[in-house]
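Q: Sending over a structure as structure tokens; questions will come in a sec.
2 protein chains.
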Amino acid sequence: MKRNPHFSQLSKNYLFQNIWERVQDFLQKNPQAQLINLGVGDTTEPLPELIAGAMGRYADALGTPAGYRGYGEGQGRGELRNAIATRLYHNRIDSDEIFISDGAKSAIGRLQVLFQPGLTVAVQDPTYPVPVESSIMNGHRLIFLPCTPENDFWPTEFPQADLIYICSPHNPTGTAATKKQLKKLVDLAKRQKSLLIFDTAYASYIQESDIPRSIYEIEGADEVAIELGSFSKFAGFTGVRLGWTIVPKKLTFSDGASLYDDYRRANATLFNGASNISEAGGLACLSEEGLEATQLLLDYYMANTAILFDALTATGHSVYGGVNAPYLWVHFPEQDSWSAFDELLQKTHLMTTPGVGFGPAGEGFLRFSAYGHQTQISEAAQRLTEHFGNK
Amino acid sequence: MKRNPHFSQLSKNYLFQNIWERVQDFLQKNPQAQLINLGVGDTTEPLPELIAGAMGRYADALGTPAGYRGYGEGQGRGELRNAIATRLYHNRIDSDEIFISDGAKSAIGRLQVLFQPGLTVAVQDPTYPVPVESSIMNGHRLIFLPCTPENDFWPTEFPQADLIYICSPHNPTGTAATKKQLKKLVDLAKRQKSLLIFDTAYASYIQESDIPRSIYEIEGADEVAIELGSFSKFAGFTGVRLGWTIVPKKLTFSDGASLYDDYRRANATLFNGASNISEAGGLACLSEEGLEATQLLLDYYMANTAILFDALTATGHSVYGGVNAPYLWVHFPEQDSWSAFDELLQKTHLMTTPGVGFGPAGEGFLRFSAYGHQTQISEAAQRLTEHFGNK
Chain A
1 MKRNPHFSQL
11 SKNYLFQNIW
21 ERVQDFLQKN
31 PQAQLINLGV
41 GDTTEPLPEL
51 IAGAMGRYAD
61 ALGTPAGYRG
71 YGEGQGRGEL
81 RNAIATRLYH
91 NRIDSDEIFI
101 SDGAKSAIGR
111 LQVLFQPGLT
121 VAVQDPTYPV
131 PVESSIMNGH
141 RLIFLPCTPE
151 NDFWPTEFPQ
161 ADLIYICSPH
171 NPTGTAATKK
181 QLKKLVDLAK
191 RQKSLLIFDT
201 AYASYIQESD
211 IPRSIYEIEG
221 ADEVAIELGS
231 FSKFAGFTGV
241 RLGWTIVPKK
251 LTFSDGASLY
261 DDYRRANATL
271 FNGASNISEA
281 GGLACLSEEG
291 LEATQLLLDY
301 YMANTAILFD
311 ALTATGHSVY
321 GGVNAPYLWV
331 HFPEQDSWSA
341 FDELLQKTHL
351 MTTPGVGFGP
361 AGEGFLRFSA
371 YGHQTQISEA
381 AQRLTEHFGN
391 K
Chain B
392 MKRNPHFSQL
402 SKNYLFQNIW
412 ERVQDFLQKN
422 PQAQLINLGV
432 GDTTEPLPEL
442 IAGAMGRYAD
452 ALGTPAGYRG
462 YGEGQGRGEL
472 RNAIATRLYH
482 NRIDSDEIFI
492 SDGAKSAIGR
502 LQVLFQPGLT
512 VAVQDPTYPV
522 PVESSIMNGH
532 RLIFLPCTPE
542 NDFWPTEFPQ
552 ADLIYICSPH
562 NPTGTAATKK
572 QLKKLVDLAK
582 RQKSLLIFDT
592 AYASYIQESD
602 IPRSIYEIEG
612 ADEVAIELGS
622 FSKFAGFTGV
632 RLGWTIVPKK
642 LTFSDGASLY
652 DDYRRANATL
662 FNGASNISEA
672 GGLACLSEEG
682 LEATQLLLDY
692 YMANTAILFD
702 ALTATGHSVY
712 GGVNAPYLWV
722 HFPEQDSWSA
732 FDELLQKTHL
742 MTTPGVGFGP
752 AGEGFLRFSA
762 YGHQTQISEA
772 AQRLTEHFGN
782 K
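The listed protein sequences correspond, in order, to chains A and B. Per the numbering used here, the first sequence starts with residue 1, numbered consecutively. Per the numbering used here, the second sequence starts with residue 392, numbered consecutively.
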């Protein structure tokens, strides 16, 4: 039984497993510590009652003859696909091009099967680890595109690549690509015959008007881009599991075969859909009242972000992001990421994420997630002020 | 953007998509037809109230500060893994070796990334299409092991293979492997250094005492076998989505690397767990009352199976399976599978599954699924009697 040889190129653990082990070790030695988690970007606030209630009612109804449902529709519940097309995409894309998923992480994993191994995959550096590691697992060659304060966190150039994975708003830096940047990228992808994978998991946090919430706001993007969406951060569904993948019918491989047809085939063969209870929740999110209630949650997390942003800025650190996403990307020019991480954990009992865990250009940075109860976030801000002092 | 070249070897559609298109076409031409679905094996009866209610309460509680939960534990909820280890495996395996999944289909898909492409994969013929098609997608070479009435639906021999995928009770034939057969298989796998993938999606239907419900009932199986389990057919969770994968810590690749470590890595990187609401339902299934309530559902479907078995046997057809699984495998010696399928659809408005869709050795057979409301199953039995007459 031969091992996939590419696995030996991976670090032993997934980033957040590594962090968790270090934190467990710290807690064992410091059982009194009041740890505040600004690390993994996990939602903390209760769901709006109308959304939780919709799932509760759906689940209860599964215990009745009228409410029971078995396997769902192949691409996911039609009503939900329609609601996504209408409410989130203003019918820019067709509901047939939407595939309901259990979240962006597994959706990225399932995309890999479409492609011949050994491709060139360009990713932002730093970036969300999943596209990098799933590319390694599948024997692709990675090109890292540094995103740093010097280039305003947008790649200076895009060399020829088969696949370009872009996350905007960007995890981990919390910055976001402008319409102008994305237009140039779409044009380049057309010219260089690259496929874009556009991850919009944080789109609902966008505040500024020139930041697209979807790649399909750019003309012609439906000829070059797959888009990933998620209810995780948009509606607090990190544990409920729901997302979507958009595969436009116009997409083709270099031999002219329909990428849409292959995706539909792979999706039907390797996936049986998201939970129908989660789908009922997604539908409730996209009602008028659901969108209003969800917006209050998003506002809450962005208020958290502002609290941390102000506190960290006042300490004299260079702080990036935090305008269109609930992440702050903070520079520690005198330290490497892990020592900055350890210092904060030991001295302030704050858990963050070492920037280098997201790629080499993340060295010297920490990501601060603003998910958390507001009292905890304020407490974290105070600890940061006390530890670093105000400049 | 280069297409995965193996996709061109797949049929255009996944089997059940094909059937569904044919049935849609029939219904368009025969809008009055009272179709009864004995095709796709989809559960139809409401969940026991205590299970639906547990999910309803969990979902409602997500709307409260005390009940909200974000991302779950890496391998799935600990309590659920413990309950599976205790209730279903009598602690034969450790809860650390259990990974909660969203069902066996996607779990099979995620296994593929562990292995070097180009392996030899042996499968029962006929078999569930997913292991076959995911093997094709990943460039493996398939060996079909015919399972026919002549060999009592158990492969006559197992040639050398890297991976052996076995489903027992067997979808589609409804037959099941005995303890003796599985013992020989485990010994052979050890000798030939093959990895077994053992799919137990239908284990809860087993009635006979010499049929193992888990490969780990066989001594030494934890050195050679991965096992797949599912709540879909066991508890009516086809739409709720919940399952598990067992990867024993003793498993290694040919180079000695730990298969468990790689699986844990892949699972953390490419999957974010089943819905926490579904997990709450799974936990309710495994309580004492849950197991009792679930057993009533299983008995119901097995009563359906007996109704269809008797009716089909009385028509003079050779009928197999139906003792340890809710599937009947029926021989139509004068016809190919698709013409038998069409005859039944046109003349009796019964939808079945053509055996050849599960592999070449399924030619001339139809699979009858006994999922359905009992009134419908009795009506189906009557139509079969009327159409074929009693012999």
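Glycine is no exception: its CB is placed at the ideal position from the N, C-alpha and C atoms. Keep in mind the model is a prediction, meaning the values are calculated, not measured.
Given a cut-off of 8 Å on the beta-carbon distance, is the pair residue 513 of chain B and residue 499 of chain B in contact?
A: Translated into the one-based positions of the second sequence, residue 513 of chain B becomes position 122. Translated into the one-based positions of the second sequence, residue 499 of chain B becomes position 108. Contact: no.
Q: Within 8 Å (strictly less), CB to CB, does residue 277 of chain A reach chain B?
A: By one-based count along the first sequence, residue 277 of chain A stands at place 277. Output row for residue 277 of chain A: interface = yes.
Q: Sorry if obvious, but does the Cβ on residue 140 of chain A come closer than 7 Å to a heavy atom of the ligand COA?
A: Although the ligand COA was asked about, the structure shown includes no ligands whatsoever.
Q: Using a C-beta cutoff of 8 Å, does residue 568 of chain B count as contacting chain A?
A: In the second sequence, counting from the first residue as 1, residue 568 of chain B sits at position 177. No, no contact with chain A.
Q: On a Cα-Cα basis, can you pick out the residue from B/750, B/483, B/687, B/445 that is closest to residue 675 of chain B?
A: Numbered from its first residue, the second sequence carries residue 675 of chain B at position 284. Of the candidates B/750, B/483, B/687, B/445, the one whose C-alpha sits nearest the C-alpha of residue 675 of chain B is B/445.
Q: Given this structure, state the Cα-to-Cα distance separating residue 613 of chain B from residue 18 of chain A, to the nearest angstrom.
A: By one-based count along the second sequence, residue 613 of chain B stands at place 222. By one-based count along the first sequence, residue 18 of chain A stands at place 18. So the two alpha carbons sit approximately 28 Å from each other.
Q: Give me the subset of the region 732-750 of chain B whose CB atoms are less than 9 Å from a CB atom of chain A, sorted by chain position.
A: Here the close residues number zero.
Q: Return no unless some Cβ of chain A is closer than 8 Å to the Cβ of residue 532 of chain B.
A: Within the second sequence, numbered from 1, the residue matching residue 532 of chain B stands at position 141. Not closer than 8 Å to any Cβ of chain A, the Cβ of residue 532 of chain B fails to qualify, so no.
Q: Is the region 552-568 of chain B touching the region 457-469 of chain B, taking contact as three or more C-beta pairs under 8 Å?
A: Too few Cβ pairs lie closer than 8 Å, so no.
Q: Taking Cβ-Cβ distances shorter than 9 Å, what residues in chain A pair up with residue 506 of chain B?
A: For the purposes of this step, residue 506 of chain B is taken as the residue at position 115 of the second sequence. By Cβ distance, chain A contributes 1, 2, 3, 4.
Q: What residues in the region 454-469 of chain B have a beta carbon less than 8 Å from any beta carbon of chain A?
A: Against chain A - using a Cβ distance shorter than 8 Å - the residues of the region 454-469 of chain B are 454, 455, 456, 458, 459, 460, 461, 462, 463, 465.
Q: Please go through the region 640-667 of chain B and give each complete alpha helix (DSSP H) segment of 4 or more residues, from N-terminal end onward.
A: Entirely contained in the region 640-667 of chain B, the alpha helix (DSSP H) runs reaching 4 residues are, in chain order, 650-661.
Q: Taking residue 672 of chain B and residue 442 of chain B to be in contact with their CB atoms under 8 Å, please state how far apart those CB atoms are, rounded to whole angstroms.
A: Against the second sequence, residue 672 of chain B aligns to sequence position 281. Against the second sequence, residue 442 of chain B aligns to sequence position 51. So it is a contact: roughly 5 Å between Cβ atoms.
Q: In chain A, which residues lie with their C-beta within 7 Å of the C-beta of residue 494 of chain B?
A: The residue given as residue 494 of chain B occupies position 103 in the second sequence. Under the 7 Å cutoff, chain A gives 272.
Q: Buried or exposed: where does residue 279 of chain A fall if 16 or more other Cβ atoms within 10 Å of its Cβ makes it buried?
A: As a position in the first sequence, residue 279 of chain A is number 279, starting the count at 1. Buried: at least 16 other Cβ atoms inside 10 Å.
Q: Under 8 Å, Cβ to Cβ, is there at least one residue of chain B near residue 253 of chain A?
A: Here residue 253 of chain A is taken as the residue at index 253 of the first sequence, counted from 1. So yes, residue 253 of chain A belongs to the interface.
Q: Does any residue of chain B bring its CB to less than 8 Å from the CB of residue 239 of chain A?
A: Taking the first sequence and counting its residues from 1, one reaches residue 239 of chain A at position 239. At least one chain B Cβ lies under 8 Å of residue 239 of chain A.
Q: Identify, in the order they occur along the chain, each residue of the same chain with its Cβ nearer than 7 Å to the Cβ of residue 212 of chain A, setting aside the five sequence neighbours on each side.
A: On the first sequence, residue 212 of chain A is found 212 positions in, with the first residue counted as 1. Counting only Cβ-Cβ distances below 7 Å, and skipping sequence neighbours, we find 179, 182, 218.
Q: How is residue 793 of chain B classed by DSSP in three states: helix, strand or coil?
A: Since the displayed chain B opens at 392 and closes at 782, residue 793 of chain B lies outside it and no answer follows.
Q: Does the separation of the CB atoms of residue 516 of chain B and residue 705 of chain B fall below 8 Å?
A: Your numbering for residue 516 of chain B matches position 125 in the second sequence. Your numbering for residue 705 of chain B matches position 314 in the second sequence. For residue 516 of chain B and residue 705 of chain B, no; Cβs fall outside 8 Å.
Q: Of all the options A/242, A/318, A/216, which has the alpha carbon lying nearest to the alpha carbon of residue 89 of chain A?
A: Counted from its first residue, the first sequence places residue 89 of chain A at position 89. Among A/242, A/318, A/216, the Cα nearest to that of residue 89 of chain A is on A/216.
Q: Within its chain, find whatever has a CB closer than 6 Å to the CB of residue 580 of chain B; leave out the 5 residues flanking it on each side and keep chain order.
A: As a first step, residue 580 of chain B is located in the second sequence; it is residue number 189 there, counting from the start. Here the set comprises 587, 615.
Q: Mind checking which residues open and close the beta strand (DSSP E) that includes residue 153 of chain A?
A: Along the first sequence, one-based indexing puts residue 153 of chain A at 153. Run containing residue 153 of chain A: none; DSSP gives neither H nor E here.
Q: Go to residue 444 of chain B, then tell me how far its beta strand (DSSP E) extends in each direction, as first and last residue.
A: Taking the second sequence and counting its residues from 1, one reaches residue 444 of chain B at position 53. Residue 444 of chain B -> not in any beta strand (DSSP E); alpha helix (DSSP H) instead, spanning 440-452.
Q: At a cut of 8 Å, does the region 295-302 of chain A reach the region 42-50 of chain A through at least three beta carbon pairs?
A: Yes, the region 295-302 of chain A is in contact with the region 42-50 of chain A.
Q: For the region 366-386 of chain A against the region 319-333 of chain A, are there 3 or more C-beta pairs whose distance is under 8 Å?
A: Contact holds: three or more Cβ-Cβ distances are below 8 Å.
Q: Measure from the C-beta of residue 490 of chain B to each C-beta in chain A and report whether the shortest distance is under 8 Å.
A: The count along the second sequence starts at 1 and reaches residue 490 of chain B at position 99. For residue 490 of chain B, the answer is no, since every Cβ of chain A falls outside 8 Å of its Cβ.
Q: Is the beta carbon of residue 682 of chain B closer than 8 Å to that of residue 478 of chain B?
A: Taking the first residue of the second sequence as 1, we reach residue 478 of chain B at position 87. Taking the first residue of the second sequence as 1, we reach residue 682 of chain B at position 291. It is a contact, given that the beta carbons lie within the stated cut-off.
Q: Which residues in chain A have a C-beta closer than 7 Å to the C-beta of residue 584 of chain B? List them in chain order.
A: In the second sequence, counting from the first residue as 1, residue 584 of chain B sits at position 193. Within 7 Å Cβ-Cβ: 1.
Q: In whole angstroms, give me the CA-to-CA distance for residue 624 of chain B and residue 492 of chain B.
A: Taking the first residue of the second sequence as position 1, residue 624 of chain B is located at position 233. Taking the first residue of the second sequence as position 1, residue 492 of chain B is located at position 101. Distance between the alpha carbons of residue 624 of chain B and residue 492 of chain B: 15 Å.
Q: Could you tell me the alpha carbon to alpha carbon distance between residue 69 of chain A and residue 626 of chain B, rounded to whole angstroms?
A: For this step, residue 69 of chain A is matched to residue 69 along the first sequence. For this step, residue 626 of chain B is matched to residue 235 along the second sequence. C-alpha separation (whole angstroms): 13 Å.
Q: Indicate the three-state DSSP secondary structure (helix, strand or coil) for residue 240 of chain A in the structure shown.
A: If you number the first sequence from 1, residue 240 of chain A lands on position 240. Reduced to three states, the DSSP call for residue 240 of chain A is coil.
Q: Starting from residue 127 of chain A, follow its DSSP beta bridges and name the residues at the other end.
A: Counting from one through the first sequence, the residue named residue 127 of chain A turns up at place 127. DSSP output for residue 127 of chain A lists no bridge partner at all.
Q: Counting beta carbon pairs with one atom in the region 409-427 of chain B and one in the region 545-554 of chain B, are three or more of them shorter than 8 Å?
A: The answer is no - the region 409-427 of chain B does not touch the region 545-554 of chain B, with fewer than three Cβ pairs under 8 Å.
Q: Out of curiosity, what's the CA-to-CA distance linking residue 320 of chain A and residue 330 of chain A?
A: What you label residue 320 of chain A is simply residue 320 of the first sequence in a count that begins at 1. What you label residue 330 of chain A is simply residue 330 of the first sequence in a count that begins at 1. Near 6 Å, if we compare the C-alpha coordinates of residue 330 of chain A and residue 320 of chain A.
Q: Taking the C-alpha atoms as reference points, what is the distance between residue 431 of chain B and residue 28 of chain A?
A: Start at 1 with the first residue of the second sequence, and residue 431 of chain B comes out as number 40. Start at 1 with the first residue of the first sequence, and residue 28 of chain A comes out as number 28. Straight-line Cα distance between these residues: approximately 51 Å.
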